[in-house]
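Peer 1: Before we start, here is the structure in question, set down as structure tokens.
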Amino acid sequence: MPAKVSILDHISQEEYKRMMVCFRAVERNYMPGEIITTFGQGSALVGILLDGEAVVMRTHFDGRQTILEQLEEGDIFGETLSAAASEASLIQIISYKKTRIQFIDYGHLVKRCSNACSFHSQLVSNALMLISQKAVHLSERLDILSQRTIRDKLLSYFSLLSRKNHSESFELPFTMSDLADYLSVDRSAMMRELKKMREEGLVNVNKRAVTFPTAKQELSMWKS
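UniProt numbering numbers the first residue of the sequence shown as 1 and each following residue consecutively.
Next comes the structure, spelled out in structure tokens:
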């Protein structure tokens, strides 16, 4: 699978610092569980995740929550870049670990500065690649959610993670509760299904560590 793109690809630390001064960027730190931003407020800020992890969380009108996307180091986010914003539900970016974010104005991202920095062009190119990659991730997510049963959703998700990690063994990016939210299923029902799958030898889950023997054949097909 293609390597993950970072907004900072091919940009040195010195170039990045100079660019952030030019952009009048603001850096902020967040603790786990802290709300970073809420969509629907008309913000023109774009966030660059420098350290840590965050999630894009949708809270439905009945209080249910769904994890729409996981954000990692080098990812970007913002209401102006998102197709997820909706008046029908609350969309928030929430810090998953200790997180450091750099905020810049969207206008600075898309317009060339007076200094015509070459690394500005690289930043825009990286941003476009990231947006394209987000579209791929959305397609993958829709494929998982379109599965009819909890077992099929789990199998589809584990298959995806095994391909991304190039291994039948990998670590889940979520807790079990958050995994259930991500798959949009009941946690208790999901745990019962995982137990059945383990007894059938389909998968072994120990906290976040997963071994998915079924992936062996699929991985060999991807390598060939």
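Glycine included, C-beta positions come from ideal geometry on N, C-alpha and C.
It should be emphasised that the depicted structure is a prediction, and the values quoted were computed from it without experimental measurement.
Kindly identify the DSSP beta-bridge partner or partners of Q70.
Peer 2: Residue 70 sits at position 70 when you count from the first residue of the sequence shown. For Q70, which the question treats as bridged, DSSP gives the partners V55.
Peer 1: Would you decide whether R208 is buried or exposed? Buried here means 16 or more other CB atoms lie within 10 Å of its CB.
Peer 2: In the sequence shown, the residue the question calls residue 208 occupies position 208. So R208 counts as exposed.
Peer 1: The alpha helix (DSSP H) that contains L161, what's its start and end?
Peer 2: Reading the sequence shown from its first residue, position 161 is the one you call residue 161. Per DSSP, L161 belongs to the alpha helix (DSSP H) from 150 to 165.
Peer 1: DSSP beta-bridge partners for T38?
Peer 2: Along the sequence shown, one-based indexing puts residue 38 at 38. The partner list for T38 (beta bridge, DSSP) reads Q92.
Peer 1: Over the uninterrupted beta strand (DSSP E) stretch that includes residue 228, give me the two end residues.
Peer 2: As displayed, the chain neither begins before 1 nor continues past 224, which places residue 228 out of reach and without an answer.
Peer 1: For N126, I'd like the list of residues in its chain whose CB is within less than 8 Å of its CB, leaving aside the five on either flank, ordered along the chain.
Peer 2: Taking the first residue of the sequence shown as position 1, residue 126 is located at position 126. Only V5, S6, I7, L8, D9, H10, I11 meet the Cβ criterion.
Peer 1: Could you spell out where the alpha helix (DSSP H) holding A189 opens and where it closes?
Peer 2: Taking the sequence shown and counting its residues from 1, one reaches residue 189 at position 189. Counting along the chain, the alpha helix (DSSP H) containing A189 begins and ends at 187 to 199.
Peer 1: With G47 and T37 assumed to form a contact (beta carbons below 8 Å), what rounded beta-carbon distance in angstroms separates them?
Peer 2: Within the sequence shown, residue 47 is the residue found at index 47, counting from 1. Within the sequence shown, residue 37 is the residue found at index 37, counting from 1. Correct: roughly 7 Å between the Cβ atoms.
Peer 1: Tell me, please, which residues DSSP counts as bridged to Y30.
Peer 2: The residue given as residue 30 occupies position 30 in the sequence shown. BP columns for Y30 point to T99.
Peer 1: Going by other Cβ atoms of all chains shown within 10 Å of its Cβ, with 16 needed for buried, is F212 buried or exposed?
Peer 2: In the sequence shown, counting from the first residue as 1, residue 212 sits at position 212. That one is buried.
Peer 1: Among the residues of its own chain, which have a CB less than 6 Å from the CB of Q147, if the five just before and after it don't count?
Peer 2: Sequence index remark: in the sequence shown, residue 147 carries index 147 (1-based). Result list for Q147: K153, S156, in chain order.
Peer 1: Using only alpha-carbon positions, find the residue among R100, E168, S121 that is nearest to H108.
Peer 2: As a working mapping, residue 108 is identified with position 108 in the sequence shown. With distances taken between Cα atoms, H108 lies closest to S121.
Peer 1: To the nearest angstrom, how far is the alpha carbon of F193 from that of E15?
Peer 2: Against the sequence shown, residue 193 aligns to sequence position 193. Against the sequence shown, residue 15 aligns to sequence position 15. Note on identity: in this sequence residue 193 is Glu, with Phe being the wrong assignment. Their backbone Cα atoms lie some 50 Å apart in a straight line.
Peer 1: Quick check on Q65: does DSSP put it in helix, strand or coil?
Peer 2: Stepping through the sequence shown from its first residue, residue 65 is reached at position 65. In the structure shown, Q65 sits in a strand (DSSP, three-state: E or B).
Peer 1: Do you know offhand how far residue 230's Cα is from K111's?
Peer 2: Lying outside 1 to 224, the shown extent of the chain, residue 230 is not represented and no answer is given.
Peer 1: Helix, strand or coil for S169 per DSSP?
Peer 2: Along the sequence shown, read from residue 1 onward, the residue named residue 169 stands at position 169. Here S169 sits in strand by DSSP.
Peer 1: Given 8 Å as the limit, is there contact between the segment 56 to 71 and the segment 167 to 184, that is, 3 or more CB pairs closer than that?
Peer 2: The answer is yes - the segment 167 to 184 touches the segment 56 to 71, with three or more Cβ pairs under 8 Å.
Peer 1: Would you decide whether G201 is buried or exposed? Buried here means 16 or more other CB atoms lie within 10 Å of its CB.
Peer 2: Counting from 1 along the sequence shown, the entry for residue 201 is found at position 201. Looking at its Cβ environment, which holds fewer than 16 other Cβ atoms inside 10 Å, G201 is exposed.
Peer 1: Compute the Euclidean distance between the alpha carbons of K98 and D75, then round it to the nearest angstrom.
Peer 2: Against the sequence shown, residue 98 aligns to sequence position 98. Against the sequence shown, residue 75 aligns to sequence position 75. Each residue's Cα considered, the two are about 15 Å apart.
Peer 1: Candidates F103, V210, E34, M129: which alpha carbon is nearest L49's?
Peer 2: Sequence index remark: in the sequence shown, residue 49 carries index 49 (1-based). Ranking the options by Cα distance to L49, first place goes to F103.
Peer 1: In or out: A44 buried (at least 16 other Cβ within 10 Å) or exposed?
Peer 2: Here residue 44 refers to the residue found at position 44 when the sequence shown is read from its first residue. The residue in question, A44, is exposed, as its Cβ has fewer than 16 Cβ neighbours within 10 Å.
Peer 1: Between F170 and V210, how many whole angstroms is the CB-CB distance? I'm expecting something under 8 Å.
Peer 2: The residue given as residue 170 occupies position 170 in the sequence shown. The residue given as residue 210 occupies position 210 in the sequence shown. With a Cβ gap of about 6 Å, F170 and V210 count as contacting.
Peer 1: I131: which of R24, G78, K196, M20 sits nearest, CA to CA?
Peer 2: Along the sequence shown, one-based indexing puts residue 131 at 131. Nearest C-alpha to I131: G78.
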